[in-house]
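The sequence shown runs 3 to 362 under our numbering. Working notes for the structure below.
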Amino acid sequence: MTYSLVEIPREATPDSADGWMFHQSAGVIAAALRASIGDDESALNAAELWALGRETPGGFGCQAVILDGAAPGRVVAFAEVDLPMKDNLISAHLHSWVHPDHWRRGLGTRLEAWQLGIAEEFQRTTLITWVAAREPHDDEASITAPEGGSFAADLPAWGFAQKHCWMVEQVERTSRLDLPVDQGLLDSLRAKVARASSGYEVLSHVGPIPSDWVDGLAELHEVMSVDIPTAGLDFTPEKWDAERVLSEYEMIRNMNREMVLVVAREISSGRLVGFSDLAVQRDSGDGKGFQWNTLVRRQHNGHRLGLALKLASTEAIMAETPWITRIYTDNASENGAMLAINHAIGYQLANPTVAFQKRL
Numbered sequence: 003m004t005y006s007l008v009e010i011p012r013e014a015t016p017d018s019a020d021g022w023m024f025h026q027s028a029g030v031i032a033a034a035l036r037a038s039i040g041d042d043e044s045a046l047n048a049a050e051l052w053a054l055g056r057e058t059p060g061g062f063g064c065q066a067v068i069l070d071g072a073a074p075g076r077v078v079a080f081a082e083v084d085l086p087m088k089d090n091l092i093s094a095h096l097h098s099w100v101h102p103d104h105w106r107r108g109l110g111t112r113l114e115a116w117q118l119g120i121a122e123e124f125q126r127t128t129l130i131t132w133v134a135a136r137e138p139h140d141d142e143a144s145i146t147a148p149e150g151g152s153f154a155a156d157l158p159a160w161g162f163a164q165k166h167c168w169m170v171e172q173v174e175r176t177s178r179l180d181l182p183v184d185q186g187l188l189d190s191l192r193a194k195v196a197r198a199s200s201g202y203e204v205l206s207h208v209g210p211i212p213s214d215w216v217d218g219l220a221e222l223h224e225v226m227s228v229d230i231p232t233a234g235l236d237f238t239p240e241k242w243d244a245e246r247v248l249s250e251y252e253m254i255r256n257m258n259r260e261m262v263l264v265v266a267r268e269i270s271s272g273r274l275v276g277f278s279d280l281a282v283q284r285d286s287g288d289g290k291g292f293q294w295n296t297l298v299r300r301q302h303n304g305h306r307l308g309l310a311l312k313l314a315s316t317e318a319i320m321a322e323t324p325w326i327t328r329i330y331t332d333n334a335s336e337n338g339a340m341l342a343i344n345h346a347i348g349y350q351l352a353n354p355t356v357a358f359q360k361r362l
C-alpha cells in the first residue's frame with residue numbers, strides 16, 4: 003500500500019479549499035483515541051487543529067497529513083510541530099496520530115522523520131510530546147514516571163516510544179468535573195475560603211480580557227512557567243508580555259471558544275497575585291470546557307486562593323455558559339496541592355496523560 007505525506011498549507015483554514023485536511027484529521031484523532039484509551043473526549047475538532055497549529059502564543063506550528071494512496075483524498079494520519087520562538091529555543095513540541103486501521107505500517111515513523119527534519123532545521127535539540135493514556139487496572143502491567151504517576155503498559159505509543167528512544171518524564175492526571183456542581187458543596191467550600199482570604203478579592207470575567215488585567219497576567223504567566231512541576235522536562239522560563247497574553251485570547255477565539263478568566267487581587271496593593279483561565283465552547287457545541295492554567299504566587303499561599311479561584315471559575319461557567327456540561331483539567335501527578343483542590347470540588351480522574359521527551 004502506498005502513502006503520501008502532504009504539508010498543510012499555512013494559509014489553509016477549515017473553510018478553505020484545503021479545509022478537508024483539518025476535518026478529516028479530526029476524525030483520525032478521534033479514532034486513534036478510541037482505539038488507545040476507549041474514548042475520544044480529548045479529541046480536537048477542525049477549528050481547534052487549525053488554531054493550535056498556526057501562530058500560537060510565543061511561536062508557530064507546522065502541520066502535515068498522510069494520505070492513503072488506495073483512496074485518494076483520504077487522510078489516515080496527522081502530525082504537528084510547535085516551535086517556541088520567544089523562549090525555550092532548544093525545544094520542539096510534537097503531536098501525531100495515526101488512524102488505527104493503518105497502525106503498524108510505518109506511518110508513525112514517517113511522521114516522526116518529517117517532524118525531526120523541521121526540528122533540525124530550527125536547531126532544536128529537545129523534543130517533547132504528550133499522549134493520552136489509560137489508568138492501569140490492579141492486575142495489569144504499568145509504567146511509572148520518575149516523579150510518580152502510572153499508565154497502562156499496553157499504550158500503543160509506549161511501544162513506539164521505546165523503539166524510537168523517547169523517555170517517560172512525567173505523568174499528568176487528566177480530571178473531569180461534571181456540571182452543575184451541587185450548590186451545597188460550593189457554599190460550604192466558599193465559607194472555608196472566606197475565613198482564610200480576607201485581604202483579597204476574586205474577580206471573574208467572560209470574554210475579552212480587561213485591559214487593566216493584561217500586564218498582571220503577563221507577569222503571572224512568567225511565574226507559572228517556572229513554578230509548576232515539570233519533572234525532568236527541559237523547560238526554561240517563558241517570556242510573556244501584553245501582546246502574548248492577547249494573542250492567546252485570540253487563539254482561543256479562533257477555536258470557537260471563549261475565555262473564562264478569574265483573578266485574585268491583593269486589596270492593599272491592587273496587584274494580581276493569582277489567576278485561573280478556562281476555554282469553553284461559545285455555543286452548545288460539544289459541551290466541553292478546558293481548564294488551562296491556575297496559579298497563586300508562592301508568597302500568597304496559605305489563604306486558600308487556589309480553591310477560591312477554582313470555585314469562582316466553576317460558578318462563572320455554571321452561570322454564564324450553562325451549556326457546558328463538563329470541564330477537563332491536567333495536573334502533574336506530583337502536584338498534590340492542586341489535585342486536592344480539584345478533588346474537593348468534585349473532579350474525578352478521567353485518564354493519565356504521558357509526557358515523553360527525546361534529546362537529539
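Glycine is no exception: its CB is placed at the ideal position from the N, C-alpha and C atoms.
Please check the pair valine 282 and glutamate 260, which I expect to be a contact at CB under 8 angstroms, by giving their CB distance rounded to whole angstroms. With 8 angstroms as the limit, valine 282 and glutamate 260 qualify as a contact, their Cβ atoms being about 6 angstroms apart.
What residue range is occupied by the uninterrupted beta strand (DSSP E) comprising glutamate 317? Glutamate 317 -> not in any beta strand (DSSP E); alpha helix (DSSP H) instead, spanning 307–322.
Tell me, please, whether the region 156–169 touches the region 301–308 by the rule of three or more beta-carbon pairs shorter than 8 angstroms. With the cut-off at 8 angstroms, the region 156–169 and the region 301–308 do not touch.
Cα separation between serine 315 and serine 227? The alpha-carbon atoms of serine 315 and serine 227 are separated by roughly 21 angstroms.
Taking just the CA atoms, how far does aspartate 20 sit from glutamate 149? The straight-line gap separating the alpha-carbon atoms of glutamate 149 and aspartate 20 is approximately 43 angstroms.
Terminal residues of the alpha helix (DSSP H) in which leucine 222 lies: For leucine 222, the enclosing alpha helix (DSSP H) has its first and last residue at 216–229.
Would DSSP call leucine 7 helix, strand or coil? It is a strand residue.
What are the residues that DSSP puts in a beta bridge with glycine 291? Paired residue(s): Val282, Ile329.
With distances taken Cα to Cα, identify the nearest neighbour of glycine 348 among Leu309, His223, Ala33. Comparing Cα positions, the closest option is Leu309.
Isoleucine 10 vs methionine 23 beta-carbon contact at 7 angstroms: Yes, these two residues count as a Cβ contact at 7 angstroms.
For the beta strand (DSSP E) holding lysine 360, just list the boundary residues, first then last. Note, lysine 360: beta strand (DSSP E), 350–361.
For asparagine 47, which residues of its own chain have a beta-carbon under 7 angstroms away from its beta-carbon, when the five flanking residues on both sides are left out? Once the five neighbours on either side are set aside, the close Cβ partners of asparagine 47 are Ala28.
Going by CA-CA distance only, name the one from Arg136, Val264, Pro74 that's closest to valine 208. Among Arg136, Val264, Pro74, the Cα nearest to that of valine 208 is on Val264.
Spatial neighbours of threonine 323 within its chain, please: CB distance less than 6 angstroms, with the 5 preceding and 5 following residues excluded, ordered by chain position. Excluding positions up to five away in sequence, the list reads Val282.
What do you get for leucine 351, buried or exposed, if any count of 16 or more other CB atoms within 10 angstroms of its CB means buried? Counting every other CB atom within 10 Å of its CB across the protein chains shown gives leucine 351 a total below 16, marking it as exposed.
Taking aspartate 42 as the reference, which of His345, Phe358, Lys360, Asp288 has the closest Cα? Checked all of His345, Phe358, Lys360, Asp288; the closest Cα to aspartate 42 is Asp288.
Can you name, in chain order, every residue of its own chain whose Cβ lies under 6 angstroms from the Cβ of aspartate 236, other than the five neighbours on each side? The beta carbon of aspartate 236 is closer than 6 angstroms to those of Thr128 in its chain, skipping five residues each way along the sequence.
For tryptophan 132, list the residues DSSP reports as bridge partners. Ala357, per the DSSP bridge assignment.
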